[in-house]
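One structure is given here, and the rest of the page talks about it.
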Amino acid sequence: MLDDQLIENRFVVSRRRTGFGDCLWSLAAAWQYAQRTGRMLAIDWRGSCYLDQPFANAFPVFFEPIKDIAGVSVICDDQINEFSFPGPFFPDWWNKPSIDCLYRPDEQVFRERDELSELFQAEGDVGAKTVVCDACLMWRCDEEAERQIFRSVKPRSEIQSRIETIYQESFAGHSVIGVHVRHGNGEDIMDHAPYWADPELAMRQVCTAIDKAKTLGHPKPVRIFLSTDNAQVVAHLSGMFPDLITVPKRFRSHQTGPLHVPELGVDGGISAILEMYLLGRCDTVIRFPPTSAFTRYARLFVPRVIEFDVNDPSRLILIGGVSKDF
């Protein structure tokens, strides 16, 4: 049970049910606000797209328990089910009766995202005891806050062991080029759509990026690691690069949607974490498209990153190397 003293505290609640990239980036924004305003941080990932149990908090299922992040006290397990956060709340919508809060239309979520963005940018605080961050908060914090979250939040020990095993078996002794291809597999891919306007061209662009990455200076023999949400992408790139490294996992049928769905169960979430953290241990990472939050960890920690220009997907940008445009 939570200590009664917590009832008098002020909270920031980071609520997300999306992919891990979005969850962790949004958590960084919530953490930074909590640190600045002296609030306790609650990580509430109930209803996660990686679990079929609506009241299970996904955070402790996939990540090690944590009580503090750089001086900010943290609640991150299923005790959240036992505790009612004190009002008043911000954004104001959360002051409605609980039964009325069950359904939030998309326009309300976007409105809250904008309200939270304005609050964070103003660098002040609100009188509400609980600030609820239940929207995508990518780009709402600085990079150091993101790095702090990635340094502090660790996958569960058994997942870390699997990451290390794959690394030793396939990465050790090589310069590894990690390739992330977010296909969407039939989902509404929003900002990713321009990259897939011509699927054949998209795959040629990915292959071109790999070929260019291989020409960069590498101190060890080169291997290529692929992370994607689409079996056809694996088949195509395996044909072009026969020694491709992949992590065995279940794919959904062609054009039936993304991999972060409850029907794949815990294994789907573990596969995502394995690939996210393995991409972060590559020497060079190719992001296609660069708008995917899944590769944000790699973008922050890998020494050399190749991205496709957001405004011109045919243009490659090298970050951390000799040239920014090659």
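Mapping to UniProt numbering: the sequence shown position 273 is 273, numbers consecutive.
Even for Gly, the Cβ is constructed at its ideal location relative to N, Cα and C.
In this text the structure is predicted, and so the values were computed from the model without any measurement.
Minimum C-alpha distance to Ala58 - residue among Glu107, Glu143 and Val266: Val266
Cβ distance (whole Å) where Ile210 is taken to contact Ile286 below 8 Å: 7 Å
Residue range of the beta strand (DSSP E) that includes Ala42: Met40 to Asp44 is the extent of the beta strand (DSSP E) around Ala42.
Member of Ala70, Thr208, Leu316 and Gln108 whose CA lies at the smallest distance from the CA of residue 328: Examination of residue 328 is not possible in this model, given that the chain is present from 1 through 326 alone.
Classification of Gln121 by the beta-carbon crowding that lies within 10 angstroms, buried from 16 upward: exposed
Assumed close pair His174, Asp229 - CB separation to whole angstroms, cut-off 8 Å: Incorrect: roughly 24 Å between the Cβ atoms, too far for contact.
Exposure of Pro258, with buried meaning 16 or more beta-carbon neighbours within 10 Å: buried
Range covered by the beta strand (DSSP E) that runs through Thr295: Segment: none, Thr295 is in no beta strand (DSSP E) and carries neither H nor E.
Environment of Trp139 [buried if 16+ CB atoms lie within 10 Å]: exposed
Option nearest Cys76 by Cα separation, candidates Arg304, Val234, Ile273 and Val13: Val13
Gln108 versus Pro97 - alpha carbon distance: 16 Å
In DSSP terms, what Leu318 is bridged to: Ile306
Three-state secondary structure (DSSP) of Leu259: Under the three-state reduction of DSSP, Leu259 is assigned to coil, being neither helix nor strand.
3 or more residues per run - each beta strand (DSSP E) lying fully within the region 261-286: As far as the region 261-286 is concerned, it has no whole beta strand (DSSP E) run of at least 3 residues.
Three-state class that DSSP yields for Ile66 in the structure shown: coil
Three-way DSSP call (helix, strand, coil) for Ser253 in this model: coil
Nonlocal neighbours in the same chain, by C-beta distance under 8 Å from Leu51, ignoring five residues either side: Ala58, Val61, Pro262, Gly265, Val266 and Gly269
Through-space distance from His218 to Pro194, alpha-carbon basis: 32 Å
Three-state secondary structure assigned by DSSP to Pro290: coil
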